[in-house]
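Asker:
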Amino acid sequence: MIVASRILQFQDVELYYDRVYALRGVTIEVTEGETVALIGANGAGKSSILRAITGLSKIDQGSIYFKGERIDGLEPASIVAMGIAMVPEGRRVFPFMSVKDNLMMGAFTRKGKAEIRRTLDGVLERFPRLKERYRQSAGTLSGGEQQMLVIGRALMTRPRLLLLDEPSLGIAPKLVQDIARSIVRINRDDGVSVLLVEQNSRMALSISHRAFAITTGSVVISGESRDLLNDSRIKAAYLGGSV
Amino acid sequence: MEQVVANGVYLGSQYAMIALGLTLIFALMNVLNFAHGQMYVIGGFVTYTFYGQFEVPFLLALLMSCATLAILGALIEKFLFGPVIRRSAREESTMLLAAGIAFLLDAVILLVFGEKQRGVPKIVDGVFNWDFRIIMPYDRMLICGLAILSIGAFIAFMQFSRTGRALRALAQDRTAAQLMGVNVNRYSMIGFALGAMLAGLVGGLLVTITGVNLGMGGPTSIKAFMMVMIGGAGVISGAIAGGFILGMLEAVGLAVLSQYGDITYLVIFIALMIFLAIRPHGLMGKPWG
Ligand SMILES: Nc1ncnc2c1ncn2[C@@H]1O[C@H](COP(=O)(O)OP(=O)(O)OP(=O)(O)O)[C@@H](O)[C@H]1O
Ligand SMILES: [Mg+2]
Numbered sequence: 001m002i003v004a005s006r007i008l009q010f011q012d013v014e015l016y017y018d019r020v021y022a023l024r025g026v027t028i029e030v031t032e033g034e035t036v037a038l039i040g041a042n043g044a045g046k047s048s049i050l051r052a053i054t055g056l057s058k059i060d061q062g063s064i065y066f067k068g069e070r071i072d073g074l075e076p077a078s079i080v081a082m083g084i085a086m087v088p089e090g091r092r093v094f095p096f097m098s099v100k101d102n103l104m105m106g107a108f109t110r111k112g113k114a115e116i117r118r119t120l121d122g123v124l125e126r127f128p129r130l131k132e133r134y135r136q137s138a139g140t141l142s143g144g145e146q147q148m149l150v151i152g153r154a155l156m157t158r159p160r161l162l163l164l165d166e167p168s169l170g171i172a173p174k175l176v177q178d179i180a181r182s183i184v185r186i187n188r189d190d191g192v193s194v195l196l197v198e199q200n201s202r203m204a205l206s207i208s209h210r211a212f213a214i215t216t217g218s219v220v221i222s223g224e225s226r227d228l229l230n231d232s233r234i235k236a237a238y239l240g241g242s243v
Numbered sequence: 001m002e003q004v005v006a007n008g009v010y011l012g013s014q015y016a017m018i019a020l021g022l023t024l025i026f027a028l029m030n031v032l033n034f035a036h037g038q039m040y041v042i043g044g045f046v047t048y049t050f051y052g053q054f055e056v057p058f059l060l061a062l063l064m065s066c067a068t069l070a071i072l073g074a075l076i077e078k079f080l081f082g083p084v085i086r087r088s089a090r091e092e093s094t095m096l097l098a099a100g101i102a103f104l105l106d107a108v109i110l111l112v113f114g115e116k117q118r119g120v121p122k123i124v125d126g127v128f129n130w131d132f133r134i135i136m137p138y139d140r141m142l143i144c145g146l147a148i149l150s151i152g153a154f155i156a157f158m159q160f161s162r163t164g165r166a167l168r169a170l171a172q173d174r175t176a177a178q179l180m181g182v183n184v185n186r187y188s189m190i191g192f193a194l195g196a197m198l199a200g201l202v203g204g205l206l207v208t209i210t211g212v213n214l215g216m217g218g219p220t221s222i223k224a225f226m227m228v229m230i231g232g233a234g235v236i237s238g239a240i241a242g243g244f245i246l247g248m249l250e251a252v253g254l255a256v257l258s259q260y261g262d263i264t265y266l267v268i269f270i271a272l273m274i275f276l277a278i279r280p281h282g283l284m285g286k287p288w289g
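Protein chains in written order, with the working numbering: chain A, 1 to 243; chain B, 1 to 289.
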């Protein structure tokens, strides 16, 4: 069933790499305006879900709808142009381009200089550090700054749905807070729906509306994030030592 | 001394363009284009055909060389490298394919243009003579100027155009570029066409000086690989540095070593091996920037 208020419907998706299953029948959905978290251990299949949505990995079964339109099978370039932005795992800046050129790459599929300029100003306002480093090449930024840059670059596409893959990984605890706060603002102030993959489950659950826990390619638990924070199974499996 | 430097700059300007094309293709697709020298030869023959035989203006003939190679490059990417890269997980496949294309193009050149050495009328007459310190025919100076101009235009294109930015993004991080909406298939094709076009352009320029023949392909590819190894693969500055360094070495070698016989390239090869043992990634070994 296709529900109009659902910005993303990811239905019964199966995906395998060379016969090794990464996803075995995963169903998740994101409602317009929501922040949804995906949590789970290493190798659970979280990144594969994001890669499937943007078309970087082709799915083998199931279907994916964005704003009611079927998108599985499309090329990544077309999917991105429809309004889905993804910040991949590991802060993939263009290292030998300036901060400015990195951000401008985000506007690659867009037209209208004035509009692009406005988005750029918004991004620089949100991440003032990027403004300070505007002409510097991206490879010389710190990890936290690079994370801001890739989020800013994704915002330059002016997405309706933002996919974030482990934005807190390998970043100083102080900056993790900053990044969490920006994610909340992007969702609340800009009305961008967010699908957030995190190992830092506590952070993810505290800034999301709903969450799905993934284990070896399947959704095992799902529900309201605030309930899951107190769920004994979640506590045992995902909130152990993490801050 | 001045003469050697002038010769080095002249050679280097041509070499740098060859290396730029090769390194662009490498940076974008991780393909070592063994057929680069053959593309250069085809560029030479096309200019020979239009300028030498049909007597169209030289610049127009050069444009024909560029267009021919751009189209050829695009077709080779679309129908040969593209599908092989998509289907094959092994890197050797593209190397074998590249070697195969080199042989194929050699055969095509033989069929279409024949095996004879061809030359064209001089584009300008006269010799520049600065007090017998630098003596250089005007046509060489013109060709050198055109080459340097083309290199400048290429750099500006890569730095400031939307397409250039997309190509750099693709070379630096394929996945991230895709996520910016860069269509990998289309831009791989554009990049390959551009690289081939540079080879064709140098071929068209140099046919006015050295002429062209079927046998030039292989040695040109080898020189191109050397330049890229000197400068570092996949970097604009590396290709340019590699081109000018090789040009300079060759000029010096011809001036100094020729009395001992034809050993310039032997010495350059040995020097290169020692250099690579010390700096395996070349002078600026890093991805495209
Ligand atoms: N390109 C690939 N080729 C083969 N197997 C892969 C590939 N990418 C992922 N896998 C496998 O698919 C499974 C799911 O991987 P995925 O990256 O989606 O997990 P993840 O939940 O994002 O893990 P992590 O927390 O480590 O990022 C893993 O078992 C992984 O080894
Ligand atoms: Mg992952």
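A virtual CB, placed ideally from N, CA and C, is assigned to each residue, including glycine.
Quantities reported herein were computed from a predicted structural model and do not represent experimental measurements.
What residues come near ligand 1, if near means a beta carbon less than 5 angstroms from any of its heavy atoms?
Answerer: In chain order, the hits are A:17, A:22, A:42, A:43, A:44, A:45, A:46, A:47, A:48.
Asker: Could you give the residue range of the alpha helix (DSSP H) that holds residue 85 of chain B?
Answerer: First-last of the alpha helix (DSSP H) with residue 85 of chain B: 82-87.
Asker: Is residue 137 of chain B helix, strand or coil by DSSP?
Answerer: If DSSP states are grouped into helix, strand and coil, residue 137 of chain B belongs with the strands.
Asker: Going by other Cβ atoms of all chains shown within 10 Å of its Cβ, with 16 needed for buried, is residue 189 of chain A buried or exposed?
Answerer: With fewer than 16 other Cβ atoms within 10 Å, it is exposed.
Asker: I need the straight-line Cα distance from residue 223 of chain B to residue 82 of chain B, nearest angstrom please.
Answerer: Straight-line Cα distance between these residues: approximately 26 angstroms.
Asker: For the alpha helix (DSSP H) containing residue 16 of chain B, list its first residue and its last residue.
Answerer: That run of the alpha helix (DSSP H) goes 2-29.
Asker: Using the Cβ count rule (16 or more neighbours within 10 Å means buried), how would you classify residue 226 of chain B?
Answerer: Burial call: buried.
Asker: Is the CB-CB distance between residue 12 of chain B and residue 248 of chain B below 9 angstroms?
Answerer: Contact: yes.
Asker: Smallest Cα separation from residue 209 of chain B: which of B:52, B:90, B:94, B:173?
Answerer: Answer by Cα proximity: B:52.
Asker: In terms of residues, what are the limits of the alpha helix (DSSP H) holding residue 41 of chain B?
Answerer: Start and end: 36-47.
Asker: Quick check: is the beta carbon of residue 157 of chain A nearer than 9 angstroms to any beta carbon in chain B?
Answerer: Yes, residue 157 of chain A counts as interfacial toward chain B.
Asker: Confirm the yes/no value for this check: CB of residue 197 of chain A, any heavy atom of ligand 2, distance under 8 angstroms.
Answerer: Yes, Cβ of residue 197 of chain A sits closer than 8 angstroms to a heavy atom of ligand 2.
Asker: For residue 289 of chain B, count neighbouring C-beta atoms within 10 Å of its own C-beta (all shown protein chains included) and say buried if the count is 16 or more, exposed if not.
Answerer: The pLDDT assigned to residue 289 of chain B is 45, lower than 50, so where the model puts this residue is not dependable; a value taken from the coordinates is nonetheless given after this. Flag for residue 289 of chain B reads buried.
Asker: Using 8 angstroms as the cut-off, can you tell me whether the segment 194-201 of chain B makes contact with the segment 229-238 of chain A, which would need three or more C-beta pairs spanning the two stretches below that distance?
Answerer: Output reads no: the segment 229-238 of chain A does not touch the segment 194-201 of chain B.
Asker: Can you say whether residue 204 of chain A is buried or exposed, counting buried as having 16 or more other CB atoms within 10 angstroms of its CB?
Answerer: Its Cβ being crowded by 16 or more others within 10 Å, residue 204 of chain A is buried.
Asker: Taking Cβ-Cβ distances shorter than 9 angstroms, what residues in chain B pair up with residue 15 of chain A?
Answerer: Near residue 15 of chain A there are no residues of chain B at all, since even the closest Cβ is about 16 angstroms away, more than 9 angstroms.
Asker: Roughly how many whole angstroms lie between the Cα atoms of residue 146 of chain A and residue 7 of chain A?
Answerer: Rounded to the nearest angstrom, the two C-alpha atoms are 28 angstroms apart.
Asker: From A:183, A:131, A:108, A:216, pick the residue whose C-alpha is nearest to that of residue 170 of chain B; which is it?
Answerer: With distances taken between Cα atoms, residue 170 of chain B lies closest to A:108.
Asker: Take the Cβ of residue 54 of chain B as the centre, count every other Cβ of all protein chains shown within 10 Å, and call the residue buried at 16 or more, exposed below.
Answerer: By the neighbour-count rule (16 or more Cβ atoms within 10 Å), residue 54 of chain B is not buried but exposed.
Asker: Using 8 angstroms as the cut-off, can you tell me whether the segment 211-224 of chain A makes contact with the segment 154-167 of chain B, which would need three or more C-beta pairs spanning the two stretches below that distance?
Answerer: Output reads no: the segment 154-167 of chain B does not touch the segment 211-224 of chain A.
Asker: Counting only beta-carbon separations shorter than 9 angstroms, does residue 247 of chain B have a partner in chain A?
Answerer: Residue 247 of chain B does not count as touching chain A.
Asker: Would you list the residues sitting across from residue 198 of chain B in a DSSP beta bridge?
Answerer: Paired residues: none, contrary to the question.
Asker: So, is the C-beta of residue 74 of chain A closer than 9 angstroms to a C-beta in chain B?
Answerer: For residue 74 of chain A, the answer is no, since every Cβ of chain B falls outside 9 angstroms of its Cβ.
Asker: Name the chain B residues that come within less than 8 angstroms of residue 77 of chain A, Cβ to Cβ?
Answerer: Ordered by position in chain B, the residues that pass the 8 angstroms Cβ test against residue 77 of chain A are 178, 181, 182, 183, 184.
Asker: Distance cutoff 9 angstroms, beta carbons only. Does residue 229 of chain A sit that close to anything in chain B?
Answerer: Not one chain B Cβ lies under 9 angstroms of residue 229 of chain A.
Asker: Which of the three DSSP states, helix, strand or coil, is assigned to residue 124 of chain B?
Answerer: Three-state result, residue 124 of chain B: coil.
Asker: So residue 262 of chain A contacts chain B; which residues on that side make the cut at Cβ distance below 9 angstroms?
Answerer: Residue 262 of chain A is absent from the model: chain A starts at 1 and stops at 243.
Asker: Please classify residue 215 of chain A: does DSSP put it in a helix, a strand, or coil?
Answerer: Three-state DSSP puts residue 215 of chain A in a strand.
Asker: Since I believe residue 105 of chain A is in contact with residue 94 of chain A (beta carbons under 8 angstroms), could you give me their beta-carbon distance rounded to a whole number of angstroms?
Answerer: With 8 angstroms as the limit, residue 94 of chain A and residue 105 of chain A qualify as a contact, their Cβ atoms being about 7 angstroms apart.
Asker: Give the residues of chain B in contact with residue 92 of chain A, contact being defined as C-beta atoms less than 7 angstroms apart.
Answerer: 173, 175, 176, listed in chain order.
Asker: Is there contact between the segment 116-123 of chain A and the segment 76-91 of chain A, where contact requires at least three CB pairs shorter than 8 angstroms?
Answerer: No, because fewer than three Cβ pairs between the segment 116-123 of chain A and the segment 76-91 of chain A fall closer than 8 angstroms, the two stretches do not touch.
Asker: Mapping the DSSP letters down to three states, classify residue 288 of chain B as helix, strand or coil.
Answerer: Note that residue 288 of chain B scores 45 on pLDDT, short of 50, meaning its location in the model is unreliable; the coordinates nonetheless yield the value given after this. Coil, per DSSP.
Asker: Taking a cut of 8 angstroms between CB atoms, which residues from the segment 154-173 of chain B lie near chain A?
Answerer: If the cut-off is 8 angstroms between Cβ atoms, the segment 154-173 of chain B has 162, 165, 166, 168, 169, 172, 173 near chain A.
Asker: Taking the alpha-carbon positions, what's the residue 148 of chain A to residue 194 of chain A distance?
Answerer: Straight-line Cα distance between these residues: approximately 16 angstroms.
Asker: Starting from the C-beta of residue 75 of chain B, find all residues in its chain whose C-beta is less than 7 angstroms away, skip the five residues before and the five after it, and write them out in chain order.
Answerer: Closer than 7 angstroms at the Cβ level, and outside the excluded window around residue 75 of chain B, lies no residue.
Asker: Assuming residue 37 of chain B and residue 221 of chain B are in contact, meaning their beta carbons sit under 8 angstroms apart, how far apart are those beta carbons, in whole angstroms?
Answerer: Correct: roughly 3 angstroms between the Cβ atoms.
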